[in-house]
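Participant:
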Amino acid sequence: MHAPEPRPHTPDAPPDPLRDATPVAPDAPGGTDGPVGVDRNAAAAGARGPDAGDDDALVLYGQRFASRLLLGTSRYPSPSVLQAAVHRARPAMLTASLRRQTGAAAAEASQGFWQLLQQSKVPVLPNTAGCHSLQEVLTTAEMAREVFCTDWIKLELIGDDYTLQPDTLKLPDAADRLLRAGFKVLPYCTEDLVLCQRLVDVGCQAVMPWAAPIGTGQGPVNPYAMRTLRERLDVPMIVDAGLGLPSHACQVLEWGYDAVLLNTAVALAQDPVAMAGAFADAVAAGRAAHRAGAMQAQTTAQASTPVLGTPFWHQS
Amino acid sequence: MPAPTRPPLQVTINQQAHQLPDGATLSDAIARVGIQPPFAAAVNLQFVPRARHDAHLLRDGDRIELIAPITGG
Numbered sequence: 001m002h003a004p005e006p007r008p009h010t011p012d013a014p015p016d017p018l019r020d021a022t023p024v025a026p027d028a029p030g031g032t033d034g035p036v037g038v039d040r041n042a043a044a045a046g047a048r049g050p051d052a053g054d055d056d057a058l059v060l061y062g063q064r065f066a067s068r069l070l071l072g073t074s075r076y077p078s079p080s081v082l083q084a085a086v087h088r089a090r091p092a093m094l095t096a097s098l099r100r101q102t103g104a105a106a107a108e109a110s111q112g113f114w115q116l117l118q119q120s121k122v123p124v125l126p127n128t129a130g131c132h133s134l135q136e137v138l139t140t141a142e143m144a145r146e147v148f149c150t151d152w153i154k155l156e157l158i159g160d161d162y163t164l165q166p167d168t169l170k171l172p173d174a175a176d177r178l179l180r181a182g183f184k185v186l187p188y189c190t191e192d193l194v195l196c197q198r199l200v201d202v203g204c205q206a207v208m209p210w211a212a213p214i215g216t217g218q219g220p221v222n223p224y225a226m227r228t229l230r231e232r233l234d235v236p237m238i239v240d241a242g243l244g245l246p247s248h249a250c251q252v253l254e255w256g257y258d259a260v261l262l263n264t265a266v267a268l269a270q271d272p273v274a275m276a277g278a279f280a281d282a283v284a285a286g287r288a289a290h291r292a293g294a295m296q297a298q299t300t301a302q303a304s305t306p307v308l309g310t311p312f313w314h315q316s
Numbered sequence: 317m318p319a320p321t322r323p324p325l326q327v328t329i330n331q332q333a334h335q336l337p338d339g340a341t342l343s344d345a346i347a348r349v350g351i352q353p354p355f356a357a358a359v360n361l362q363f364v365p366r367a368r369h370d371a372h373l374l375r376d377g378d379r380i381e382l383i384a385p386i387t388g389g
């Protein structure tokens, strides 16, 4: 499906692709290997059914989320800081991963993280980080579904180890295979318009373009492409990776992006908990600004104060 | 005349070499390393659901991966 009409930007009718989101049929999209067990995310706090009736909920695959901030769980100074940051940000989802346990310390860390996830009551978004092939992605996703009891998957398929750029040529096929296997796929991708269109074509109900390479904190390095992408596609879009400052998050929400996914910008801040709050506030501000409809920028000055009745007019 | 004893299986579990008796299952391999739930298993890059661990017979040379939750972005 293509979206030939640019998204309107008028204060009276703020563009909101979320309202067009369609709940997913229970058996869609027809994979032979269905979900394993109950989706813990469906019952988790912050995620409700499609009929919850929020005015401005983030809707992904028919599921509503109260927050437009998704938070990564890696690189924090300690589990307690992570826990406090989660409490402060109140994110829509928490990302998580799967790795081998090497030694007692790693096993203990895994158990502790698992308990933290359980206690947080925040829906989990497992990722396929580190995968370089289609088969690695498919197997990792199935393993994540079993461990985390969720159909959500952040599709990461790396094409270049230096930049961690997604493998743009393999992503649509990988997304297609995961969707057919019953996953709710959130693909980490670049801001390339045609790539994102292809991901939507295979059935992705949301895409997650990067703003800049993972962990760089540079903010949007290609604003023109990101704004063009936002104008052209009408699915929820989450900016994933590359944000470093709350102003970056606010900026992309102002552009009409629906949410952001952060990790390093919070985890490596001097005060991660305070920064988690700053990002949450920035996301809320950016979203409110987008819905409010910004004025058109002008090239020349226009007095704010009325000119009529100006004292001493032409007397000096 | 007794049947000849089959040689043990040489497998890897998370890239570590292990020797298991012929007829060993994936559950036997899991017990060998003592991993605590939750975890998931794959053999030769193919996911094996938890319900099939007991019945999944291992073969010589199998590469077993057992992975558990960890923080991620």
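In the order they appear, the protein sequences are chains A and B.
With this note's numbering applied, the first sequence covers 1 to 316.
With this note's numbering applied, the second sequence covers 317 to 389.
Just so it is clear, CB atoms sit at the ideal spot from N, CA and C, and this is done for glycine as well.
Leaving aside the five residues before and after D370(B) along the sequence, list all residues of the same chain whose C-beta is less than 7 angstroms from its C-beta, in chain order.
Facilitator: Within the second sequence, numbered from 1, the residue matching residue 370(B) stands at position 54. Same-chain partners within the cutoff: T341 and S343.
Participant: For chain A, is any of its Cβ atoms less than 7 angstroms away from the one on L313(B)?
Facilitator: For residue 313(B) there is no data in the structure shown, the boundaries of chain B being 317 and 389.
Participant: What residues from chain A crowd round L336(B), counting only those whose CB sits closer than 7 angstroms?
Facilitator: Along the second sequence, read from residue 1 onward, the residue named residue 336(B) stands at position 20. Within chain A, no residue comes near L336(B); the closest Cβ sits about 18 angstroms away, beyond 7 angstroms.
Participant: Using a Cβ cut-off of 7 angstroms, pull out every chain A residue sitting near L342(B), in sequence order please.
Facilitator: Sequence index remark: in the second sequence, residue 342(B) carries index 26 (1-based). What L342(B) touches in chain A: nothing, since even the nearest Cβ is about 13 angstroms away.
Participant: The ligand ZN and A367(B): does any heavy atom of the ligand fall closer than 6 angstroms to the residue's C-beta?
Facilitator: Absence of the ligand ZN is noted for the structure shown, with no ligands found whatsoever.
Participant: Residues of chain A with a CB under 8 angstroms from the CB of I380(B): which are they?
Facilitator: Here the question's residue 380(B) lines up with position 64 in the second sequence. Per Cβ cutoff of 8 angstroms: no residues; I380(B) is ~11 angstroms from chain A at best.
Participant: Is L169(A) buried or exposed, if buried means 16 or more other CB atoms sit within 10 Å of its CB?
Facilitator: As a working note, residue 169(A) is residue 169 in the first sequence. Exposed, by the Cβ-count rule.
Participant: Would C196(A) and L229(A) be called neighbours here (beta carbons separated by less than 7 angstroms)?
Facilitator: Along the first sequence, read from residue 1 onward, the residue named residue 196(A) stands at position 196. Along the first sequence, read from residue 1 onward, the residue named residue 229(A) stands at position 229. In this structure, L229(A) lies closer than 7 angstroms to C196(A) by Cβ.
Participant: For F183(A), does the count of other Cβ atoms within 10 angstroms reach 16, so buried, or fall short, so exposed?
Facilitator: Along the first sequence, read from residue 1 onward, the residue named residue 183(A) stands at position 183. With 16 or more other Cβ atoms within 10 Å, it is buried.
Participant: Would G389(B) count as contacting chain A if we go by Cβ distances under 7 angstroms?
Facilitator: As a first step, residue 389(B) is located in the second sequence; it is residue number 73 there, counting from the start. For G389(B), the answer is yes, since a Cβ of chain A falls inside 7 angstroms of its Cβ.
Participant: Under 8 angstroms between beta-carbons, which chain A residues line up against Q362(B)? List them in chain order, please.
Facilitator: On the second sequence, residue 362(B) is found 46 positions in, with the first residue counted as 1. Within 8 angstroms Cβ-Cβ: T139.
Participant: Taking only the alpha-carbon atoms, compute the straight-line gap between L157(A) and T305(A) and give it to the nearest angstrom.
Facilitator: Indexing the first sequence from 1 puts residue 157(A) at position 157. Indexing the first sequence from 1 puts residue 305(A) at position 305. L157(A) and T305(A): Cα-Cα distance of roughly 55 angstroms.
Participant: Contact between the segment 266-283 of chain A and the segment 291-301 of chain A is defined here as three or more beta-carbon pairs at a separation below 8 angstroms; is this criterion met?
Facilitator: Because the criterion of three Cβ pairs below 8 angstroms is not met, the segment 266-283 of chain A and the segment 291-301 of chain A do not touch.
Participant: How big is the Cα-Cα spacing for G49(A) and Q335(B)?
Facilitator: Looking up residue 49(A) in the first sequence gives position 49. Looking up residue 335(B) in the second sequence gives position 19. For G49(A), the predicted model reports a pLDDT of 48, less than 50, meaning its position is unreliable; a value from the coordinates is still stated below. G49(A) and Q335(B): Cα-Cα distance of roughly 49 angstroms.
Participant: Does T163(A) pass the burial test, meaning 16 or more other C-beta atoms within 10 Å, or should it be called exposed?
Facilitator: Your numbering for residue 163(A) matches position 163 in the first sequence. Exposed: under 16 other Cβ atoms inside 10 Å.
Participant: Could I get the ranges of all uninterrupted alpha helix (DSSP H) runs contained in the segment 139-203 of chain A, with 4 residues as the minimum, in chain order?
Facilitator: Fully enclosed alpha helix (DSSP H) runs of 4 or longer: 171-180 and 193-201.
Participant: Return the bridge partner residues of L233(A) from the DSSP annotation.
Facilitator: Position 233 of the first sequence holds residue 233(A). L233(A) is not bridged to any residue.
Participant: Cutting at 8 angstroms between CB atoms, please list the residues of its own chain near T128(A), excluding the five before and the five after it.
Facilitator: As a first step, residue 128(A) must be located in the first sequence, where it is residue number 128. The answer, listed in chain order, is E136, V137, T140, A141, A144, I153, K154, L155, E156 and L157.
Participant: How about A358(B): is its C-beta nearer than 7 angstroms to some C-beta of chain A?
Facilitator: Reading the second sequence from its first residue, position 42 is the one you call residue 358(B). Taking Cβ atoms only, chain A reaches closer than 7 angstroms to A358(B), which makes this a yes.
Participant: Pull up the DSSP beta-bridge partners for M208(A), would you.
Facilitator: Reading the first sequence from its first residue, position 208 is the one you call residue 208(A). Answer by DSSP bridge pairing, in chain order: Y188(A).
Participant: Would a C-beta distance cut-off of 7 angstroms place I238(A) and L261(A) closer than the cut-off?
Facilitator: Here residue 238(A) refers to the residue found at position 238 of the first sequence. Here residue 261(A) refers to the residue found at position 261 of the first sequence. In this structure, L261(A) lies closer than 7 angstroms to I238(A) by Cβ.
Participant: How big is the Cα-Cα spacing for A225(A) and E231(A)?
Facilitator: Taking the first sequence and counting its residues from 1, the one referred to as residue 225(A) is at position 225. Taking the first sequence and counting its residues from 1, the one referred to as residue 231(A) is at position 231. One C-alpha to the other measures close to 10 angstroms.
Participant: Spell out whether any CB of chain A is found under 7 angstroms from the CB atom of I383(B).
Facilitator: Indexing the second sequence from 1 puts residue 383(B) at position 67. Yes, I383(B) lies at the interface with chain A (some Cβ there is under 7 angstroms from its Cβ).
Participant: How many Å lie between M93(A) and D258(A) at the Cα?
Facilitator: In the first sequence, residue 93(A) corresponds to position 93, counting from 1. In the first sequence, residue 258(A) corresponds to position 258, counting from 1. Using only the alpha carbons, I get a separation of about 14 angstroms.
Participant: Quick one: which chain A residues come within Cβ less than 7 angstroms of Q352(B)?
Facilitator: Here residue 352(B) refers to the residue found at position 36 of the second sequence. In chain order: A107 and Q111.
Participant: Nearest-angstrom Cα distance between L361(B) and Q332(B)?
Facilitator: Along the second sequence, one-based indexing puts residue 361(B) at 45. Along the second sequence, one-based indexing puts residue 332(B) at 16. Looking at the two C-alpha atoms, the distance is approximately 16 angstroms.
Participant: I'd like to know whether the C-beta of I346(B) is nearer than 7 angstroms to at least one C-beta of chain A.
Facilitator: Position 30 of the second sequence, counting from 1, holds the residue named residue 346(B). No, no contact with chain A.
Participant: Whose C-alpha, out of N222(A), R180(A) and A206(A), is nearest the C-alpha of P187(A)?
Facilitator: What you label residue 187(A) is simply residue 187 of the first sequence in a count that begins at 1. Comparing Cα-Cα distances from P187(A) to each of N222(A), R180(A) and A206(A), the minimum goes to A206(A).
Participant: Who are the neighbours of A129(A) on chain B, taking C-beta pairs under 9 angstroms?
Facilitator: Sequence index remark: in the first sequence, residue 129(A) carries index 129 (1-based). By Cβ distance, chain B contributes G388 and G389.
Participant: Using DSSP with H/G/I as helix, E/B as strand and the rest coil, what is V346(B)?
Facilitator: Taking the second sequence and counting its residues from 1, the one referred to as residue 346(B) is at position 30. The residue you asked about is not Val; residue 346(B) is Ile in the sequence shown. DSSP places I346(B) in helix when its eight states are reduced to three.
Participant: To the nearest angstrom, how far is the alpha carbon of P272(A) from that of L69(A)?
Facilitator: For this step, residue 272(A) is matched to residue 272 along the first sequence. For this step, residue 69(A) is matched to residue 69 along the first sequence. Cα-Cα distance, rounded: 15 angstroms.
Participant: Note down, in chain order, each residue of its chain lying with its Cβ closer than 6 angstroms to the Cβ of A241(A), except the 5 sequence neighbours on either side.
Facilitator: Walking along the first sequence from the start, residue 241(A) turns up at place 241. For A241(A), where only same-chain residues beyond five positions count, the Cβ hits under 6 angstroms are W210 and I214.
Participant: Are S110(A) and V86(A) close, meaning C-beta to C-beta below 7 angstroms?
Facilitator: Mapped onto the first sequence, residue 110(A) falls at position 110. Mapped onto the first sequence, residue 86(A) falls at position 86. Not in contact: S110(A) and V86(A) (Cβ atoms no closer than 7 angstroms).
Participant: In terms of residues, what are the limits of the alpha helix (DSSP H) holding P79(A)?
Facilitator: Start at 1 with the first residue of the first sequence, and residue 79(A) comes out as number 79. P79 to A89 is the extent of the alpha helix (DSSP H) around P79(A).
Participant: Sorted by chain position, which residues of the same chain lie with C-beta nearer than 7 angstroms to Q83(A)'s C-beta, five sequence neighbours on each side aside?
Facilitator: Taking the first sequence and counting its residues from 1, the one referred to as residue 83(A) is at position 83. Taken in chain order, the residues that qualify are L116.
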